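The block underneath contains the structure these notes are about, expressed in structure tokens.
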Amino acid sequence: MSTLIFRTIAPYLSALMVLFSVFVLLRGHNEPGGGFIGGLIAASALAIYGIAYGVDVVRRALWVDPNALAGFGLFMAAVDGLSAILAGKPLLTGLWFVPVIFGVEIPLSTVLVFDVGVYFVVVGSLASIALALEESD
Amino acid sequence: MPHRLLPVLLALFIPSLAVAAPSGGEVDRSVAMFEGATGLIPWLVVLPILMPLIGAGLSLTVRSRSSVQHRIAFVALLFGAIAALALFLQVSANGPLTMVAGNWLPPFGIVMAVDPFGALLVLVTALVGLAGLAYARGDVDEAGTHFGFYTFYCLLIAGVTGAFSTGDIFNLYVWFEVFLVSSFGLIVLGGRRVQLDGAVKYGVLNLIATTIFLIAVGVLYGFTGTLNMADIHLVVAELDGAPIVTVGAMFVMAFAMKAAAIPLHFWLPASYHTPKVIVSALFAGLLTKVGIYSLMRVMIMLFADQGSMFIPIIGWLGVITAIFGAVGALAQVDLKRMAAFLVVSGVGVMLIGLGYGTEAGLTGAIVYAVHSILAMTAIFLVLGYAQRLSGVTHLTTGTNLYAVHGLAATLFLVFGFAAAGLPPFSGFWPKLMLVEAGYQTGDVFGIAGIVGIILSGLFTTIAIGRAWVLVYLRPPQEDGVPDPEPTLEPGASTRPFALALVALAALIVAMGLFPSTVIDAARSGAQGLLDPAAYLERVLKVE
Numbered sequence: 026m027s028t029l030i031f032r033t034i035a036p037y038l039s040a041l042m043v044l045f046s047v048f049v050l051l052r053g054h055n056e057p058g059g060g061f062i063g064g065l066i067a068a069s070a071l072a073i074y075g076i077a078y079g080v081d082v083v084r085r086a087l088w089v090d091p092n093a094l095a096g097f098g099l100f101m102a103a104v105d106g107l108s109a110i111l112a113g114k115p116l117l118t119g120l121w122f123v124p125v126i127f128g129v130e131i132p133l134s135t136v137l138v139f140d141v142g143v144y145f146v147v148v149g150s151l152a153s154i155a156l157a158l159e160e161s162d
Numbered sequence: 019m020p021h022r023l024l025p026v027l028l029a030l031f032i033p034s035l036a037v038a039a040p041s042g043g044e045v046d047r048s049v050a051m052f053e054g055a056t057g058l059i060p061w062l063v064v065l066p067i068l069m070p071l072i073g074a075g076l077s078l079t080v081r082s083r084s085s086v087q088h089r090i091a092f093v094a095l096l097f098g099a100i101a102a103l104a105l106f107l108q109v110s111a112n113g114p115l116t117m118v119a120g121n122w123l124p125p126f127g128i129v130m131a132v133d134p135f136g137a138l139l140v141l142v143t144a145l146v147g148l149a150g151l152a153y154a155r156g157d158v159d160e161a162g163t164h165f166g167f168y169t170f171y172c173l174l175i176a177g178v179t180g181a182f183s184t185g186d187i188f189n190l191y192v193w194f195e196v197f198l199v200s201s202f203g204l205i206v207l208g209g210r211r212v213q214l215d216g217a218v219k220y221g222v223l224n225l226i227a228t229t230i231f232l233i234a235v236g237v238l239y240g241f242t243g244t245l246n247m248a249d250i251h252l253v254v255a256e257l258d259g260a261p262i263v264t265v266g267a268m269f270v271m272a273f274a275m276k277a278a279a280i281p282l283h284f285w286l287p288a289s290y291h292t293p294k295v296i297v298s299a300l301f302a303g304l305l306t307k308v309g310i311y312s313l314m315r316v317m318i319m320l321f322a323d324q325g326s327m328f329i330p331i332i333g334w335l336g337v338i339t340a341i342f343g344a345v346g347a348l349a350q351v352d353l354k355r356m357a358a359f360l361v362v363s364g365v366g367v368m369l370i371g372l373g374y375g376t377e378a379g380l381t382g383a384i385v386y387a388v389h390s391i392l393a394m395t396a397i398f399l400v401l402g403y404a405q406r407l408s409g410v411t412h413l414t415t416g417t418n419l420y421a422v423h424g425l426a427a428t429l430f431l432v433f434g435f436a437a438a439g440l441p442p443f444s445g446f447w448p449k450l451m452l453v454e455a456g457y458q459t460g461d462v463f464g465i466a467g468i469v470g471i472i473l474s475g476l477f478t479t480i481a482i483g484r485a486w487v488l489v490y491l492r493p494p495q496e497d498g499v500p501d502p503e504p505t506l507e508p509g510a511s512t513r514p515f516a517l518a519l520v521a522l523a524a525l526i527v528a529m530g531l532f533p534s535t536v537i538d539a540a541r542s543g544a545q546g547l548l549d550p551a552a553y554l555e556r557v558l559k560v561e
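Those protein sequences? They're chains A and B, same order as listed. Basically our numbering = 1-based index in the first sequence + 25. Basically our numbering = 1-based index in the second sequence + 18.
Following this line, the structure appears as structure tokens:
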């Protein structure tokens with residue numbers, strides 16, 4: 026699959042997809058999207074990059090082992106579920122903080138943290154599967 | 019002064035209990051969300067699940083540094099075990115405890131609810147998980163750690179604990195999936211050809227069972243319109259002419275397959291001897307018991323009178339399983355396969371108790387489940403230890419291990435006799451209670467159950483005694499059979515193995531000598547299954 030066209034377009038495409046995955050992740054609370062879909066998009070971006078340039082390049086670009094990313098996501102989601110203990114609410118209850126920065130309300134919540142955890146789990150596990158499959162070729 | 023603190027903490031929780039308590043046994047479905055504070059006590063319900071889950075995530079994060087992983091898993095499981103102990107004490111004292119995820123009230127929200135039955139099993143799971151972790155330190159090498167042993171191990175404990183804690187039947191399915199996925203990971207750990215062979219049988223059969231379970235949940239939801247266990251209990255009791263027989267048959271099929279009841283047992287001996295010893299031990303101890311637990315929860319508590327037609331069937335299955343499991347153990351030459359058949363035989367004994375359907379029978383079955391978790395884990399671990407010390411895997415080779423490593427040989431006898439039900443070990447009391455329960459029923463099945471229990475005990479004793487004499491006492495033969503090679507590296511420490519085994523032996527002997535703690539908890543668990551009024555009150559706030 027290492028045609029010139031594909032190799033030229035792949036980095037831009039991957040970068041765009043990773044950016045888009047973050048967008049999908051963030052809009053996910055009230056609209057279609059969220060951690061799972063965002064994670065899928067990011068994992069496909071890594072897979073495309075891997076097809077174009079080889080697995081080693083992707084692993085180097087990722088910095089961390091995709092499995093470790095998945096583990097960190099699980100850790101994040103579990104700890105986030107635990108965080109409601111501080112507010113006297115039961116497991117996984119969403120807590121909201123809406124700071125106003127430069128006149129803009131920015132809604133932050135533990136729901137978002139959980140979603141980011143899901144994002145990492147999906148990116149990590151799917152990327153590690155995809156890279157393992159590409160490696161064996 | 020914890021007794022002073024307790025009421026204060028409880029007071030944080032009680033006001034929320036009083037919110038929206040309608041009268042007349044009706045569930046008020048207009049209140050979907052609950053406002054108000056939740057105290058710290060209900061967190062005990064989820065901590066034994068969350069701690070291993072956090073451990074799994076962290077140990078996968080530091081995957082490249084294998085030396086840290088064991089410590090992370092140990093700390094996580096230790097905290098989980100402490101929470102499980104607190105949960106057990108709390109539930110024993112004050113009845114079922116619930117935690118509603120995300121403040122969404124049942125029957126719509128997903129509720130984690132632990133009654134005395136669940137609390138007892140959660141505690142034993144946590145203890146066995148800790149003991150197994152000590153053994154794993156010696157059993158799992160660098161490659162296994164890098165492959166993710168500790169991640170899967172923690173996930174498995176989390177999944178099993180979750181299955182014992184949930185109050186929602188779809189959620190039960192999810193926990194089944196959690197420990198199933200981690201058990202797939204564990205069973206192929208090492209990647210030898212025979213392991214893959216065992217893993218395929220294990221995987222396919224368990225996936226079929228889980229699928230049937232899921233279909234049954236779907237059908238049940240179709241005609242009850244609810245997934246909350248307490249709510250299902252109420253709805254099913256009112257139903258007339260519902261397809262309970264169909265759904266019940268599917269549940270019995272799925273859980274009997276999980277529990278490895280004859281004739282659905284064949285996957286267990288075919289796969290349990292292939293993976294690492296610690297993995298087989300954990301599977302033998304915990305996974306079949308989840309099947310038994312679910313069977314009791316669904317057939318006794320959820321369906322109550324409507325499911326009564328299945329109870330004798332389960333009981334007769336139990337008689338057959340108890341006897342032929344033990345006969346199967348007699349027929350084996352491979353030691354681990356023999357132990358796998360002992361697991362099957364023990365499942366039969368529990369099913370007999372379930373088949374009595376009485377409080378005494380269920381109590382006996384629950385006590386036996388606790389004993390079986392300890393004894394079956396221990397017997398696999400001691401076989402693995404003996405194999406490391408002497409290389410022995412089959413009855414055909416004598417090793418005279420008793421003279422060389424007295425600890426391993428003695429502990430094998432202790433665990434074997436516990437499994438057979440001889441005093442003063444843990445297996446004696448539940449078998450005695452089950453025989454008594456059978457005597458009380460006074461019908462044909464009662465007698466058949468007694469015969470099944472006694473025959474299973476007899477055959478188990480013979481199988482254990484034979485293995486002891488042929489393997490542990492007999493000196494190595496001189497007629498050309500090559501001596502097996504020990505797999506323990508010279509100079510390697512045997513301390514992790516001995517530590518785990520002695521801990522389990524202490525638990526087994528303690529349960530044999532002071533059984534009342536377990537029996538009392540099991541009795542209130544059995545009462546809770548037969549008359550779940552307290553459970554319903556805590557989950558649905560009905561009166």
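The C-beta atom is built at its ideal place from N, Cα and C for all residues, glycine as well. Quantities reported herein were computed from a predicted structural model and do not represent experimental measurements.
Under 7 angstroms by beta carbon: chain A residues contacting residue i
i	result
V64 of chain B	L116
I72 of chain B	F100, A103, V104
L548 of chain B	What L548 of chain B touches in chain A: nothing, since even the nearest Cβ is about 29 angstroms away.
L569 of chain B	Shown here, chain B extends from 19 to 561; a query on residue 569 of chain B therefore has no answer.
S82 of chain B	D90
Closest residue to residue i among the options (Cα-Cα distance)
i	options	result
A340 of chain B	B:V469, B:L204, B:L214	B:V469
W61 of chain B	A:F100, A:P36, A:L117, A:R84	A:L117
T163 of chain B	B:V63, B:L204, B:L525, B:T395	B:L204
M117 of chain B	A:L137, A:W121, A:A109	A:A109
V388 of chain B	B:P134, B:A91, B:N112	B:P134
D159 of chain B	B:R541, B:V295, B:R484, B:G333	B:V295
V123 of chain A	A:L137, A:P115, A:K114	A:L137
I391 of chain B	B:L138, B:I370, B:G180	B:L138
L335 of chain B	B:I471, B:V254, B:M69	B:I471
T479 of chain B	B:V265, B:P124, B:R210, B:V432	B:V432
D538 of chain B	B:H423, B:G382, B:P550, B:A485	B:G382
A523 of chain B	B:N418, B:E377, B:A393	B:A393
R139 of chain A	A:V89, A:A157, A:G60, A:A68	Rather than Arg, the amino acid found at residue 139 of chain A in this sequence is Phe. Comparing Cα-Cα distances from F139 of chain A to each of A:V89, A:A157, A:G60, A:A68, the minimum goes to A:G60.
R556 of chain B	B:L71, B:V109, B:V345, B:A99	B:V109
L58 of chain B	A:P57, A:G64, A:L111	A:L111
Cβ pair residue i, residue j closer than 7 angstroms
i	j	result
D461 of chain B	H412 of chain B	no
A77 of chain A	A35 of chain A	yes
F188 of chain B	V222 of chain B	no
A552 of chain B	P114 of chain B	yes
S363 of chain B	S474 of chain B	yes
N80 of chain A	E159 of chain A	A small correction: the amino acid at residue 80 of chain A is Val; Asn does not occupy that position in the sequence shown. Contact: yes.
T135 of chain A	D90 of chain A	no
M69 of chain B	A94 of chain B	yes
I30 of chain A	V49 of chain A	no
L78 of chain B	N92 of chain A	yes
V400 of chain B	L419 of chain B	no
Within chain A, the residues that residue i reaches when beta carbons sit closer than 8 angstroms
i	result
P60 of chain B	P115
S408 of chain B	Under the 8 angstroms cutoff, chain A gives no residues; its nearest Cβ is about 37 angstroms from S408 of chain B.
Cβ-heavy atom distance, residue i to the ligand ZN, below 6 angstroms
i	result
T417 of chain B	For the structure depicted, the ligand ZN is absent and the ligand set is empty, with no information on it obtainable.
Partners in chain B for residue i, counting only beta-carbon separations shorter than 9 angstroms
i	result
F97 of chain A	G75, L76, L78, T79
Near-chain A residues of the region 89 to 121 of chain B - C-beta to any C-beta below 8 angstroms: M117, V118, A119, G120, N121
Touch test, the region 359 to 368 of chain B against the region 269 to 289 of chain B, Cβ-Cβ under 8 angstroms, three pairs minimum: yes
Proximal residues, the region 74 to 92 of chain A versus chain B, C-beta separation under 7 angstroms: If the cut-off is 7 angstroms between Cβ atoms, the region 74 to 92 of chain A has D90, N92 near chain B.
contact_flag[the region 136 to 155 of chain B, the region 186 to 197 of chain B] where n(CB pairs < 8 angstroms) is 3 or more: no
Contact residues within the region 158 to 170 of chain B, judged by C-beta distance below 8 angstroms to chain A: G166, T169
Three CB pairs or more closer than 8 angstroms across the region 124 to 133 of chain B and the region 236 to 246 of chain B: yes
At least 3 beta-carbon pairs within less than 8 angstroms: the region 246 to 266 of chain B vs the region 315 to 322 of chain B: yes
Three or more C-beta pairs below 8 angstroms linking the region 362 to 378 of chain B and the region 341 to 350 of chain B: Proximity of the region 362 to 378 of chain B to the region 341 to 350 of chain B meets the contact definition, three or more beta-carbon pairs being nearer than 8 angstroms.
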